[in-house]
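Residue numbers (the working numbering), protein chains in the order written: chain A, 1 to 298; chain B, 1 to 298. For glycine and all other residues, C-beta sits at the position ideal for the given N, C-alpha and C. Keep in mind the model is a prediction, meaning the values are calculated, not measured. What follows is a short report on a single structure.
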């Protein structure tokens, strides 16, 4: 059921009304000072906020308006996936310069497609003017046992989802003045948050989990630093996106695959929920310094 | 207890580390992909997001960096007050141009003062570059019985907190090239979210509640529209800020007082939790059109 309160008059409300008309049942209960959300008993609230800024996270010519909305939403939802959480709702805060008013409906369409894809809804938000377009997504989720990045233990196996390096290869193409292939462009523009996989990992005793928004090397370093261990990655086992390099796969970020530490006895098929699922290394005893502690085996 | 995970390397993390050092125990549990928050059993999650954009919501010369942080945080918390909720935590998303890097610590100080003032903490956030400074605050709260704006019934009395019109008078001074008095400037720069008062109203059976960020006339119209009633306001009963006009009090927004509809039998003292508390009208039968339905008696 969609239950919106009637909104008052004024231009801001006209814009909000047109967003709500676009979202239809993909938005719920908008119109009060705050959204009211039921958090299932026995679970904890898991919440994250993520910003997409024009000229920083993308250039306008790289992405269609729908893709800007989709990508920003999936990037935020990926943080819930990395905790093993189930989405409860999304809040959308827009800063919209005049020149971005026309595509706003299509950006909202991309957000609507993304929330529908993962079975959640827009529950609130904010709309403001400003000189730079930005989109801040706050994602709410719940988990009985949220998985952080600080619990990896020596002996755990490290697994990664998907084939890595595609978004970095796409960025390199754009930044050197050429165009990525359609497949590579789609890989950058249409990420999927690995929510089902994240829950599978939580259910199978994952001791640490993180998404790859900052790239595999950096993120493995975060797990190492937070867990007080060393991560050994075997680069010859890395699943690399066709057309990308091992360097792209190791250093490139901007992708929303998961890196998880699982007890060594956990067995998994080579693909889960439509994504490749690869063992790429192990957790060993180490100093866990602030800078992380990583051994890259080539 | 402050429990932060060690962060990995990199410039973004250096900035985050310096914010965390500034906040000390006023930030908690930062460092995972998402924050984990306990929502007390028997309550609902109440959540709102609010943006403060340079050049739209304030000009840099009007406010000190601490005041930018304080005001943005209290403005967002005011939405929890208007639902009768108790804060559980705050997420802070910054977009920071190079020229704003120096004052960032002082802005964070203002945020820290505001969260400490209301007994909550920063539980997460995001930091990004960009051309325009903005601050998006997402506030999490809980309430056993959240109060929306759609439940006002004919016969209810309308109450308002504080003395109104000060922020509008301050804005008028700045916009006509003069300077507001110190007291008036403080009134704009240092609002207080009326959280205790909001909970008092919820506990006393408030049927509708809203904050005055868009001004009394507009907000009373929102209650009327959402509740399908008419609001009668008696302007000669309006508590007006010294030096402001009735017009400022009725039309000016940018202030964070509460307007509540309470059952007529509820009695209250003329001041509650340090703020004036004034009966200013009543709810009557009306059409509750989209544009609201308001009778202003002068």
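Could you give the DSSP three-state label for residue i: helix, strand or coil?
i	result
residue 104(B)	helix
residue 15(A)	helix
residue 126(B)	strand
residue 216(A)	helix
residue 179(A)	coil
residue 98(A)	helix
residue 8(B)	For residue 8(B), the predicted model reports a pLDDT of 47, less than 50, meaning its position is unreliable; a value from the coordinates is still stated below. If DSSP states are grouped into helix, strand and coil, residue 8(B) belongs with coil.
residue 281(B)	strand
residue 90(B)	strand
residue 149(A)	coil
residue 234(B)	strand
residue 120(A)	coil
residue 291(B)	Note that residue 291(B) scores a pLDDT of 40, beneath 50, so its modelled location is shaky; the value from the coordinates is reported in the next line. The answer is coil: DSSP assigns residue 291(B) none of H, G, I, E or B.
residue 79(A)	helix
residue 206(B)	coil
residue 166(B)	helix
residue 227(B)	helix
residue 132(A)	coil
residue 138(A)	strand
residue 157(A)	strand
residue 85(B)	coil
residue 144(B)	coil
residue 193(A)	coil
residue 296(B)	strand
residue 2(A)	Interpretation of residue 2(A) is limited by its pLDDT of 36, a score under 50 that renders its predicted location unreliable; the figure taken from the coordinates is listed afterwards. Note: residue 2(A) maps to coil in three-state DSSP.
Just the chain E side, please: which residues come within less than 7 Å of residue i by C-beta, in chain order?
i	result
residue 134(A)	Within the model displayed, chain E is absent; protein chains A and B are what it includes.
Comparing alpha-carbon positions, which option in the options lies nearest residue i?
i	options	result
residue 56(A)	129(B), 154(B), 225(B)	129(B)
residue 212(B)	14(B), 166(B), 273(B)	166(B)
residue 127(A)	109(A), 117(A), 156(A), 92(A)	92(A)
residue 251(B)	273(B), 205(B), 63(B), 221(B)	221(B)
residue 241(A)	138(A), 76(A), 84(A), 161(A)	161(A)
residue 267(B)	215(B), 248(B), 206(B)	206(B)
residue 202(B)	260(B), 181(B), 94(B), 49(B)	260(B)
residue 121(B)	281(B), 131(B), 108(B), 132(B)	108(B)
residue 218(A)	254(A), 184(A), 244(A)	254(A)
residue 223(B)	249(B), 243(B), 258(B), 204(B)	258(B)
residue 24(B)	210(B), 153(B), 123(B)	123(B)
residue 327(B)	51(B), 152(B), 118(B), 274(B)	This structure cannot speak to residue 327(B), because chain B is shown only from 1 to 298.
residue 81(B)	15(B), 209(B), 279(B)	209(B)
residue 281(B)	151(B), 234(B), 154(B)	234(B)
residue 67(A)	164(A), 187(A), 285(A)	187(A)
residue 60(B)	29(B), 117(B), 132(B), 27(B)	132(B)
residue 243(A)	196(A), 168(A), 151(A), 98(A)	168(A)
residue 96(B)	199(B), 54(B), 58(B)	54(B)
Got a sec: does the ligand SAH put a non-hydrogen atom nearer than 7 Å to the Cβ of residue i?
i	result
residue 202(A)	The ligand content of the structure shown is nil, which means the ligand SAH is not present either.
Open item on the list: Taking contact to mean 3 or more Cβ pairs, one atom from each stretch, closer than 8 Å, check whether the stretch 142-152 of chain A and the stretch 113-122 of chain A are in contact.
Closed with: The stretch 142-152 of chain A makes no contact with the stretch 113-122 of chain A, as fewer than three CB pairs between them are under 8 Å.
- [ ] Could you list the residues in the stretch 183-216 of chain A with a C-beta less than 7 Å from some C-beta on chain B, going in chain order?
- [x] Listed by position along the chain: 210, 211.
Open item on the list: If we require 4 or more residues per run, which alpha helix (DSSP H) segments fall completely within the stretch 238-269 of chain A?
Closed with: Contiguous alpha helix (DSSP H) elements confined to the stretch 238-269 of chain A occur at 246-251, taking only those with 4 or more residues.
Open item on the list: Against chain B, which members of the stretch 148-160 of chain A pass a CB distance test of less than 8 Å?
Closed with: Sequence-ordered contacts of the stretch 148-160 of chain A with chain B read 148, 149, 150 [C-beta pairs closer than 8 Å].
TODO: Note down, in chain order, all residues in the stretch 35-49 of chain A with a beta-carbon under 8 Å from any beta-carbon belonging to chain B.
DONE: Residues passing the 8 Å Cβ filter: 35, 36, 37, 38, 39, 41, 44, 45, 46, 47, 48, 49.
Task: Segments assigned alpha helix (DSSP H), at least 4 residues, entirely inside the stretch 10-62 of chain A - done: With a minimum length of 4 residues, the continuous alpha helix (DSSP H) runs that stay inside the stretch 10-62 of chain A are 11-23.
Open item on the list: Could you check whether the stretch 58-73 of chain A touches the stretch 34-47 of chain A, counting it as contact only if at least three pairs of C-beta atoms, one from each stretch, sit closer than 8 Å?
Closed with: The stretch 58-73 of chain A is not in contact with the stretch 34-47 of chain A.
- [ ] Using a Cβ-Cβ cut-off of less than 9 Å, give me the residues of the stretch 235-259 of chain B that come near chain A, in sequence order.
- [x] Across the stretch 235-259 of chain B, no CB contact with chain A closer than 9 Å is found for any residue.
- [ ] Give, in chain order, every residue of the stretch 77-88 of chain A whose Cβ lies closer than 9 Å to some Cβ of chain B.
- [x] Of all residues in the stretch 77-88 of chain A, only 78, 79, 80, 81, 82, 83, 85, 88 place a beta-carbon less than 9 Å from a beta-carbon of chain B.
Task: Cβ contact check for the stretch 87-103 of chain B and the stretch 164-180 of chain B: 3 or more pairs under 8 Å - done: No contact exists between the stretch 87-103 of chain B and the stretch 164-180 of chain B.
Task: Contact list for the stretch 266-281 of chain A against chain B, Cβ threshold 9 Å - done: Answer set for the stretch 266-281 of chain A: empty.
Open item on the list: For the pair the stretch 222-234 of chain B and the stretch 187-194 of chain B, tell me if three or more CB-CB distances fall below 8 Å.
Closed with: The stretch 222-234 of chain B vs the stretch 187-194 of chain B: no contact.
- [ ] Please list the residues of the stretch 95-127 of chain B that have a C-beta atom closer than 7 Å to any C-beta atom in chain A, keeping them in chain order.
- [x] Answer in chain order: 95, 124, 125, 126.
TODO: Taking only beta carbons into account, state which residues of the stretch 13-24 of chain B come closer than 8 Å to chain A, listed in chain order.
DONE: Cβ proximity to chain A below 8 Å picks out nothing from the stretch 13-24 of chain B.
TODO: With 7 Å as the C-beta to C-beta threshold (strictly closer), list the residues of the stretch 46-74 of chain B near chain A in chain order.
DONE: Hits within the stretch, in order: 46, 47, 48, 49, 50, 51, 53, 55, 56.
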